[in-house]
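Have a look at the structure below, then the notes.
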Amino acid sequence: MGSDPLYCATCAENGVGPHLRSRAVIRFALLVVLVLVSAVRPAIAHPLDVGYIRVDGKDNTFAIALDIDIQAAALVLRMDEAKLDAATLTARTKELAELTYARSPIMTSAGPCTWSGAAASITGRMVRITDTATCTGDGPRRWEFPMIRESRISPTFELLVKEGLGDSERLTLVDRYQQELELGAEAEGSYGFVEFVWSGVVHIGAAPSEWHDEEGWKLPDGIDHILFLLALILGGGTLLQLIGIASGFTVGHSITLALAAVGAVRPPAEVIEPLIALSIAFVALEAITGLWKKHRWKIATAFGLVHGFGFANALSGLDLSTGQMAKALFGYNLGVELGQLALMVVLVPLVMLAHRNKKVGPYIIKGLAGLIFVAGMYWFIERVLSALS
1 MGSDPLYCAT CAENGVGPHL RSRAVIRFAL LVVLVLVSAV RPAIAHPLDV
51 GYIRVDGKDN TFAIALDIDI QAAALVLRMD EAKLDAATLT ARTKELAELT
101 YARSPIMTSA GPCTWSGAAA SITGRMVRIT DTATCTGDGP RRWEFPMIRE
151 SRISPTFELL VKEGLGDSER LTLVDRYQQE LELGAEAEGS YGFVEFVWSG
201 VVHIGAAPSE WHDEEGWKLP DGIDHILFLL ALILGGGTLL QLIGIASGFT
251 VGHSITLALA AVGAVRPPAE VIEPLIALSI AFVALEAITG LWKKHRWKIA
301 TAFGLVHGFG FANALSGLDL STGQMAKALF GYNLGVELGQ LALMVVLVPL
351 VMLAHRNKKV GPYIIKGLAG LIFVAGMYWF IERVLSALS
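In this note's numbering, the protein residues as written are 1 to 389.
Structural data, given as structure tokens:
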């Protein structure tokens, strides 16, 4: 029994047998699993974080296309996602428009612009709504988005907007901090390199706003990425080894992000999202068994390839210019790497302390890895069922 790292010598001295110890551990694990499963449920809503709008302006006419996940559309319409088929979407297109982009009109100095009428379609898991606004009057066109404030989709929902006016284009972000968009030639500012860096930080759950907002403390939407990183760290190693493992993930992430964004490879979200969840479970299992310890950086790189497709699908849908695409790719990946380093500053010392404590450390390490495995499998099943529905 001395060779068993989970063996408790003091338990034997106190007359506590292995069966009682096993039952106690199992009961504790089940309790924590129930708490974790209920707590991490929001992370299955990865596609609910962001929507995309393309605006093409010419003179006083603005053609728009809004893309949101089908689950997001169902939440807006307060209906079961499984019942939102093409026929239902057609029947409720006007309602969906009035609850999203047309919730507030585009305003000019002469008054509100008029919408010609919405059309909607479903492609895979993406719902697209198209419409055209005709405006009168000069000056900026201000477009407010009450749908962000109303939070029918998600409290952290945001819209990435690509605006094209003639030969120029700009990217802007509409979120809970900036709920108004200014269209037209006089509008200033664009979603630049720094903003893309920050998007990477937010995406991985390292931004303070992902943990706490005006409503109090919360789990970040990037909790699945954080658990993936934690599972990689739980296996142990030197600080340089751990940084190398996290960087391997970023390298793989960068490769597929670039390939998918330029259209070379573009697998559907119905495949990628379950694979991301499965990768979390796999890395957690490796932390428990240690069977592939010498190859963990290779595993991190391989699964980084899978994780890179999510944001790429968003970028490709916006039809960015080469310059904007390069800026978005580099900035976003830098943000992911910086976010990972920030998380590692917090997580690595705690994990190293646990490894040094030979009495309770193995329980903590394997217990956390086991819980992450359960969470990963839970998300995998949820996402598979969602893709099949």
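Backbone N, C-alpha and C fix where the C-beta goes; we use that ideal spot for every residue, glycine too.
Since the structure is predicted, the reported quantities are computational estimates derived from the model, not experimental observations.
Under the three-state DSSP convention, the category residue i falls into
i	result
D224	helix
R383	helix
E169	strand
G51	strand
S22	Residue confidence is low: S22 scores 41 on pLDDT, short of 50, so the model does not pin down where it sits. No coordinate-derived value is stated.
L183	strand
G287	Correcting the residue type first, residue 287 is Ala in the shown sequence and not Gly. Looking at A287 - three-state DSSP - the assignment turns out to be helix.
A86	helix
P112	strand
S104	coil
L66	strand
A133	strand
W217	strand
S254	helix
F126	Per the sequence shown, residue 126 should be read as Met rather than Phe. Residue state, collapsed to three classes: strand.
V265	coil
S121	strand
R356	helix
L159	strand
Test item: CB-CB of residue i and residue j under 8 Å
i	j	result
A206	A375	no
T256	L305	yes
L275	I372	no
A120	T93	yes
V174	V194	no
L66	T114	no
Y332	G200	yes
V348	I233	yes
L96	A133	no
R170	E273	no
F303	G252	yes
D398	S154	It is not possible to answer for residue 398, since the shown part of the chain is limited to 1 through 389.
Alpha-carbon to alpha-carbon, residue j and residue i
i	j	result
T238	L291	18 Å
A110	W297	60 Å
T123	H203	25 Å
A284	K293	12 Å
A246	T301	8 Å
Q192	L329	According to the sequence provided, residue 192 is Gly. The question's Gln does not apply to it. Their Cα atoms are separated by approximately 11 Å.
W379	H307	14 Å
A118	E180	21 Å
G248	L242	10 Å
V271	A387	8 Å
M352	A369	15 Å
A277	L385	13 Å
D59	L183	12 Å
F394	D138	Residue 394 falls outside the range modelled here, since the chain spans only 1 to 389, and no answer is possible.
A82	T90	15 Å
A29	L350	At A29 the pLDDT is 41, less than 50, meaning the model places this residue with poor confidence; the figure from the coordinates comes in the next sentence. Cα to Cα, A29 sits roughly 20 Å from L350.
R142	A86	32 Å
R356	E286	20 Å
Y363	A354	9 Å
H212	M344	19 Å
K218	G57	39 Å
L159	I68	9 Å
Candidates the options: closest to residue i by CA position
i	options	result
G164	V50, I364, W211 and V55	V55
M107	P140, A82, T130 and L96	P140
A326	A369, H355, G216 and F196	F196
L295	R149, G235 and V265	Strictly speaking, residue 295 in this sequence is His, with Leu absent from that position. Residue G235 is the option with its Cα nearest to H295.
Q178	T88, T136, F145 and T289	F145
I70	A102, R125 and T88	R125
W337	L350, L259 and S254	In the sequence as presented, Trp is not what sits at residue 337; that position holds Glu. The candidate whose alpha carbon is nearest that of E337 is S254.
E214	R149, V346 and A354	R149
A264	F309, T88 and I381	F309
G339	T130, M147 and I226	I226
S168	M377, G361, K359 and Q324	Q324
M147	A354, E98 and L240	E98
M377	V360, L159, G361 and F282	F282
F299	T250, E158, F157 and P208	Residue identity check: residue 299 is Ile in the sequence provided, not Phe. Minimum Cα distance to I299 is reached at T250.
Integer-rounded CB distance, given that residue j should sit under 8 Å from residue i
i	j	result
R152	V50	15 Å between Cβ atoms; not a contact.
I288	K366	5 Å
Closer than 8 Å to chain B by CB, residue i
i	result
I276	Given the protein chain composition of this structure (a single chain), no chain B is represented.
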